[in-house]
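Numbering (this note's numbering), first residue to last: 52 to 451.
Yeah, the Cβ is synthetic: ideal placement off N, Cα and C, and Gly gets one too.
Since the model is a prediction, treat every value here as computed from it, not as a measurement.
Working notes for the structure below.
What follows is the structure, given as structure tokens:
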């Protein structure tokens with residue numbers, strides 16, 4: 052592993068050498084230090100310190116200004132860590148793990164001695180790699196997070212994401228095979244966090260989505276979160292995450308699974324005729340999309356799709372029949388007639404159609420609206436409605 056000490060790449064410059072252009076370029080990319088040298092800050096901390104007037108004014112206070120840099124010590128520690136890393140890679144057993152841990156300490160020292168630099172990026176990445184190969188996954192994840200947080204545009208972003216995802220999937224699969232309650236503390240296994248292995252795995256994936264929403268693994272991370280929620284029976288969370296994947300990553304190879312499992316999640320979240328209809332509307336939409344967008348895969352799952360479509364139609368007919376029955380009980384037969392007609396028109400092939408015909412015949416001779424008793428009581432008590440005078444005046448004008 053070689054260290055990168057360059058502070059930037061060459062930038063396209065216009066024809067000719069314009070002093071104004073060079074000055075503007077330097078002011079954007081870097082700052083002028085006390086010695087008159089133009090320095091390009093590395094990382095969020097370095098940029099913040101150069102732009103904050105408060106930080107500059109209080110730089111003499113320990114812990115406020117930039118940390119004192121020891122470049123030679125940083126380089127020496129990095130080279131020692133690199134030698135240990137290579138030696139560990141060629142070793143087996145416990146010695147391999149111990150050597151990687153020693154390398155991690157050296158890389159950590161290299162990062163500390165030269166903050167806000169390309170060296171710190173290299174050192175943090177290699178410290179994470181050392182901890183990863185030592186199978187100290189919580190420590191490795193912490194180094195990767197620190198790297199991405201301090202250097203959001205680091206060239207190691209994709210590699211760090213790959214490692215973080217491997218760690219998260221290991222924790223999720225471990226918990227799926229041997230679930231431990233969150234209050235149980237882990238004292239013996241360095242590969243797992245202290246507690247709540249599943250929760251930490253989800254946290255890592257969610258953090259990856261925030262850190263790099265357009266990265267190479269963004270759709271993979273979203274898919275893993277959705278399937279993990281589905282596996283645990285958290286169907287509403289799974290449904291929302293599958294929908295997010297379908298909308299945000301239309302070119303993802305996970306599109307069919309996001310549609311198919313999203314359909315199953317939508318059916319699972321429907322709670323009955325007394326609850327919102329949105330889940331079965333979404334399920335019907337997904338069935339049609341699957342058949343249209345994925346013809347070969349839909350043929351493989353034709354039996355399930357047919358059954359799901361029949362289930363959606365049954366539940367929609369059930370909702371209409373439930374509404375009509377409710378209106379009939381209240382004597383609102385005109386409204387009941389509306390729901391019954393819709394049921395017979397759209398869902399005549401469902402088991403509710405026969406009962407709908409009988410109900411329609413039964414209420415045909417009944418009053419369309421309920422009979423209101425004790426109307427005389429309304430005259431004994433004044434009305435508080437502000438619209439009543441307006442309605443009365445409108446009625447009078449129509450009568451005249």
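Same chain only: Cβ atoms within 8 Å of residue i, ignoring 5 sequence neighbours per side
i	result
residue 360	335, 338
residue 233	246, 247, 250
residue 236	245, 246
residue 220	252, 275
residue 200	95, 262
residue 342	349, 356
Alpha carbon of residue i to alpha carbon of residue j, nearest angstrom
i	j	result
residue 377	residue 331	21 Å
residue 297	residue 304	10 Å
residue 144	residue 357	55 Å
residue 43	residue 218	Because residue 43 is not part of the residues shown, which for the chain are 52 to 451, the question remains open.
residue 263	residue 379	56 Å
residue 276	residue 421	52 Å
residue 266	residue 207	12 Å
residue 396	residue 302	39 Å
residue 352	residue 321	22 Å
residue 164	residue 260	31 Å
residue 272	residue 319	23 Å
residue 419	residue 385	5 Å
residue 124	residue 162	10 Å
residue 409	residue 354	33 Å
residue 394	residue 350	30 Å
residue 152	residue 185	6 Å
residue 254	residue 196	12 Å
residue 299	residue 270	8 Å
residue 344	residue 398	26 Å
residue 188	residue 274	22 Å
residue 252	residue 367	38 Å
residue 400	residue 295	35 Å
residue 190	residue 198	13 Å
residue 149	residue 283	37 Å
residue 415	residue 346	46 Å
residue 122	residue 192	26 Å
residue 126	residue 120	11 Å
residue 413	residue 381	15 Å
residue 194	residue 333	41 Å
residue 326	residue 392	22 Å
Own chain residues within Cβ distance below 7 Å of residue i, not counting five before or after
i	result
residue 316	281, 286, 289, 290, 293
residue 57	Reliability of the predicted coordinates at residue 57 is poor, the pLDDT of 39 falling under 50, and the value obtained from them is presented with this limitation in mind. 169, listed in sequence order.
residue 158	129, 132, 174, 177, 178, 181
residue 340	310
residue 231	248
residue 328	370
residue 362	318
residue 60	Only weak support is given to the placement of residue 60: the predicted model assigns it a pLDDT of 41, under 50, and the question is left unresolved by the model.
residue 156	none
Integer Cβ distance of residue i from residue j, believed to fall under 8 Å
i	j	result
residue 147	residue 139	5 Å
residue 383	residue 324	Wrong, their Cβ atoms sit about 17 Å apart, outside the cutoff.
residue 128	residue 160	4 Å
residue 374	residue 411	The pair is not a contact, with the Cβ atoms about 14 Å apart (cut-off 8 Å).
residue 183	residue 154	Contact flag wrong, Cβ pair sits at about 11 Å.
residue 407	residue 372	6 Å
residue 94	residue 202	5 Å
residue 348	residue 307	5 Å
residue 279	residue 223	6 Å
residue 172	residue 142	With 8 Å as the limit, residue 172 and residue 142 do not qualify as a contact, their Cβ atoms being about 27 Å apart.
Same chain, Cβ closer than 6 Å to residue i, five either side skipped, listed in chain order
i	result
residue 268	212, 216
residue 390	371, 374, 375
residue 417	384
Legend entry - Three-pair Cβ contact test at 8 Å for the segment 204-217 versus the segment 237-254: no
Legend entry - Given 8 Å, three or more beta-carbon pairs between the segment 215-234 and the segment 154-170: no
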